[in-house]
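Everything below concerns the one structure shown next.
In our numbering, the protein residues as written are 36 to 151.
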């Protein structure tokens, strides 16, 4: 299967999904409140406000995703941590080379990352 049930996600997986959706700044609030996939499945606008999501547009966007994931599951690609996805796109092996990219890429790694 290329998806997982929203209700099966752990707290950390919910944080990874948020990060991959561009909502990573809300991951700490989710982590602090221990919001897993089952809890996210039943979330409403007021709940998101209590989690610290103050921007109405961000709440609406997340609720749209939750409805879609409830119906069709969470795409597995969204469960891959961001740095591993970036390394895969750059053609690098996640792990040691990923750390090099984050801490100070060599010119070869920068060219790979830029697609050159």
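For every residue, glycine included, the Cβ atom is placed at its ideal position computed from N, Cα and C.
For residue 52, the three-state secondary structure derived from DSSP is helix.
With a threshold of 16 other beta carbon atoms within 10 Å, residue 53 meets it and is buried. Between residue 46 and residue 70 a beta carbon distance of about 6 Å is seen, short of the 8 Å cut, so the two are scored as contacting. Taking each of 68, 62 and 73 in turn and checking the Cα distance to residue 42, the smallest one comes out for 73.
Residues 41 and 76 of the same chain have their beta carbon placed closer than 8 Å to that of residue 105, with the five preceding and five following residues left out of the count.
Between residue 112 and residue 101, the alpha-carbon positions lie close to 16 Å from each other.
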